[in-house]
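A.B. asks: In my numbering, the protein residues as written are 35 to 418.
Cβ atoms here follow ideal geometry from the backbone N, Cα and C, with glycine treated the same way.
Dropping the structure in here first, questions after.
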Amino acid sequence: MGLGHGRAQGHGIVRGAVAVLVIMALQPLGALAAPPARTELDVLGVALLLAGSLALVALRWSPAAAVAGTTVGGFGYLLLGYPGTGAAVPVMISLFVAAKTGHRRIIPLPLAALALLVVSDLMLVKGGLPPRETVHDRFLLAGWLVASAALGGAFHQWGNYVQEAERRAAEAERTREETALRRAGEERLRIARELHDSLTHSISIIKVQAGVAVHLARKRGEQVPEALLAVQEASSEAMRELRATLEVLRDGDASGSGLDRLGELVQRARSAGLPATLTISGSERTVPAEVDQAAYRIVQEALTNVTRHAGPASAAVRIVYGTDALTVQVDDDGLGTGGLPESTGLGLLGMRERVAALGGRLRAEPRPEGGFTVRAELPVGGAS
């Protein structure tokens with residue numbers, strides 16, 4: 035890529051040099067073909083023509099210097115009264131390039147030189163008017179200079195407009211890509227977190243039931259079926275893989291899970307062998323969706339932890355509708371350590387993040403009489 039850019043730049047320099055040489059060759063020829071003037075073409079006139087043309091070489095590096103050089107050579111030629119007006123051509127070229135590249139401060143220089151030329155013409159006729167041809171040439175030269183500067187300025191403005199449009203298009207495209215990536219990431223997180231909340235509970239029940247069946251079979255001295263052992267092993271492996279996969283995931287939205295399904299959740303816990311009760315007090319009412327879902331997930335995670343870690347235990351779920359908050363409390367009387375933060379994996383951390391995001395408070399600690407308690411207070415803003 036760098037090599038190609040270098041070649042293109044080299045070709046541009048060559049083309050520019052060739053153009054300057056052509057102009058330098060044509061300038062003296064044009065002067066010789068012009069009608070006779072006040073001063074015959076001599077060595078100084080040719081030198082001024084060539085100097086003005088040669089100054090175009092500086093356009094690539096310093097347009098302002100090129101304008102200054104062409105102005106000195108071209109208008110010096112015209113002030114001395116040499117034939118023809120072709121000396122102004124390099125001035126117009128440099129003026130166009132300077133305006134196009136944004137070098138506006140140098141633009142008044144050729145116009146000032148033109149004004150000096152007009153004053154010189156007036157002084158030569160001693161109070162009269164210059165010949166009609168001279169007046170015509172000066173007006174024509176002024177028009178060409180102004181047109182060159184205006185055209186260069188228009189190209190400059192157009193270039194700025196195109197650059198700004200490209201920048202905005204690139205920014206819009208980048209914003210669209212970032213938005214799409216963010217939404218895709220949020221959707222993946224939502225799905226994964228939902229899987230964590232739902233599958234962890236279901237797999238835990240399968241694991242516990244398989245473990246109980248294996249234990250009872252061995253206690254009775256019966257041969258444990260291979261299929262049952264496979265279920266137990268597969269459920270354990272599935273639990274490990276699920277937690278490993280979702281260990282970086284946290285809170286998310288949920289659908290189809292709320293306070294109205296707590297009865298089903300508690301019933302499933304009973305079916306899995308966990309004696310559980312549900313008590314609802316206070317004035318039941320509709321609460322914000324995020325509070326509704328968070329309450330369900332807190333109860334689900336707490337019951338899952340009791341099933342997995344608390345050993346022989348029972349659980350009591352209490353929901354209290356307060357004036358400004360919904361209180362969710364799950365107590366168990368187990369002897370295990372299932373409620374301890376270090377034993378609950380992502381569950382307790384997820385609870386804390388849910389509650390904190392809603393501006394509530396979570397307390398999870400051992401009970402003095404034994405077992406563990408999880409209590410969350412979720413603000414509802416007095417919704418009714």
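Specify, as a first and last residue, the run of the beta strand (DSSP E) that residue 127 falls within.
C.D. replies: Careful: residue 127 lies outside any beta strand (DSSP E), inside the alpha helix (DSSP H) at 123-134.
A.B. asks: Please determine, among 293, 331 and 309, the residue with the shortest C-alpha to C-alpha distance to residue 321.
C.D. replies: Taking only the C-alpha atoms, the option nearest residue 321 is 293.
A.B. asks: Hey, residue 183 and residue 133: beta-carbon distance below 7 Å or not?
C.D. replies: Closer than 7 Å, so yes.
A.B. asks: Please identify the residue among 356, 352, 299 and 118 whose C-alpha is closest to the C-alpha of residue 365.
C.D. replies: Ranking 356, 352, 299 and 118 by Cα distance to residue 365 puts 352 first.
A.B. asks: Does the separation of the CB atoms of residue 304 and residue 310 fall below 7 Å?
C.D. replies: Closer than 7 Å, so yes.
A.B. asks: Taking buried to mean at least 16 other C-beta atoms within 10 Å of its own C-beta, is residue 169 buried or exposed?
C.D. replies: The residue is exposed, with fewer than 16 neighbouring Cβ atoms inside 10 Å.
A.B. asks: For the beta strand (DSSP E) that contains residue 413, what are its first and last residues?
C.D. replies: 406-413 is the extent of the beta strand (DSSP E) around residue 413.
A.B. asks: Run through DSSP, which three-state label would residue 356 get?
C.D. replies: In this structure, residue 356 counts as coil in the three-state DSSP scheme.
A.B. asks: Just to check my reading of the structure: residue 308 and residue 337 have Cβ atoms closer than 8 Å, yes? What is that Cβ distance to the nearest angstrom?
C.D. replies: Confirmed, about 7 Å.
A.B. asks: With a 10 Å radius around its C-beta and 16 neighbouring C-beta atoms as the bar for buried, classify residue 288 as buried or exposed.
C.D. replies: Here the model assigns residue 288 a pLDDT of 45, short of 50, so the residue's position is not dependable and the matter cannot be decided.
A.B. asks: Spatial neighbours of residue 361 within its chain, please: CB distance less than 6 Å, with the 5 preceding and 5 following residues excluded, ordered by chain position.
C.D. replies: Closer than 6 Å at Cβ, skipping near neighbours: 354 and 411.
A.B. asks: Using the rule of at least 16 other Cβ atoms within 10 Å of the residue's Cβ for burial, across every protein chain shown, is residue 253 buried or exposed?
C.D. replies: Answer is exposed; the Cβ neighbour count stays below 16.
A.B. asks: Taking the alpha helix (DSSP H) that residue 144 falls in, what are its first and last residues?
C.D. replies: Counting along the chain, the alpha helix (DSSP H) containing residue 144 begins and ends at 142-158.
A.B. asks: Can you tell me where the beta strand (DSSP E) with residue 311 in it begins and where it stops?
C.D. replies: Here the beta strand (DSSP E) through residue 311 covers 310-316.
A.B. asks: I need the boundaries of the alpha helix (DSSP H) containing residue 84, first residue and last residue.
C.D. replies: First-last of the alpha helix (DSSP H) with residue 84: 77-88.
A.B. asks: Report yes or no: do the stretch 75-83 and the stretch 102-115 share at least 3 C-beta pairs separated by less than 8 Å?
C.D. replies: The stretch 75-83 is in contact with the stretch 102-115.
A.B. asks: If you check the beta carbons only, do residue 266 and residue 246 fall under 7 Å apart?
C.D. replies: No.
A.B. asks: DSSP three-state call for residue 351: helix, strand or coil?
C.D. replies: DSSP places residue 351 in strand when its eight states are reduced to three.
A.B. asks: Check residue 400 in the structure and name its three-state DSSP category.
C.D. replies: Residue state, collapsed to three classes: strand.
A.B. asks: First and last residue of the alpha helix (DSSP H) that includes residue 101?
C.D. replies: Its alpha helix (DSSP H) spans residues 97-113.
A.B. asks: Closest to residue 236 by C-alpha separation, out of 335, 166 and 329, would be which residue?
C.D. replies: The shortest C-alpha separation from residue 236 is found at 335.
A.B. asks: If you reduce the DSSP assignment to three classes, tell me which class residue 395 lands in.
C.D. replies: Residue state, collapsed to three classes: strand.
A.B. asks: On the DSSP letters alone, give me the boundaries of the alpha helix (DSSP H) that residue 303 sits inside.
C.D. replies: Its alpha helix (DSSP H) spans residues 296-305.
A.B. asks: My understanding is that residue 269 touches residue 244, with C-beta atoms under 8 Å, so please give their C-beta distance in whole angstroms.
C.D. replies: Correct: roughly 6 Å between the Cβ atoms.
A.B. asks: By the three-class DSSP mapping on this structure, what secondary structure does residue 197 have?
C.D. replies: Helix.
A.B. asks: Taking one C-beta from the stretch 133-142 and one from the stretch 84-102 each time, how about it: are there three or more such pairs within less than 8 Å?
C.D. replies: Because the criterion of three Cβ pairs below 8 Å is met, the stretch 133-142 and the stretch 84-102 touch.
A.B. asks: Let me know the secondary structure DSSP gives residue 338 once reduced to three states.
C.D. replies: DSSP places residue 338 in helix when its eight states are reduced to three.
A.B. asks: Would you mind sorting residue 157 into buried or exposed? The rule is 16 or more other CB atoms within 10 Å of its CB.
C.D. replies: It is exposed - the Cβ of residue 157 has fewer than 16 other Cβ atoms within 10 Å.
A.B. asks: What is the C-beta distance between residue 104 and residue 86, in whole angstroms, given that I count them as a contact (C-beta under 8 Å)?
C.D. replies: That pair is a contact at about 5 Å.
A.B. asks: I believe residue 10 touches residue 388 by the beta-carbon criterion, under 8 Å. Please report the beta-carbon distance rounded to the nearest angstrom.
C.D. replies: It is not possible to answer for residue 10, since the shown part of the chain is limited to 35 through 418.
A.B. asks: Return the CA-CA distance between residue 228 and residue 256, expressed in angstroms with no decimal places.
C.D. replies: Their Cα atoms are separated by approximately 39 Å.
A.B. asks: What is the DSSP secondary structure of residue 234, reduced to helix, strand or coil?
C.D. replies: Of the three classes helix, strand and coil, the one that applies to residue 234 here is helix, per DSSP.
A.B. asks: Does DSSP classify residue 257 as helix, strand or coil?
C.D. replies: Of the three classes helix, strand and coil, the one that applies to residue 257 here is coil, per DSSP.
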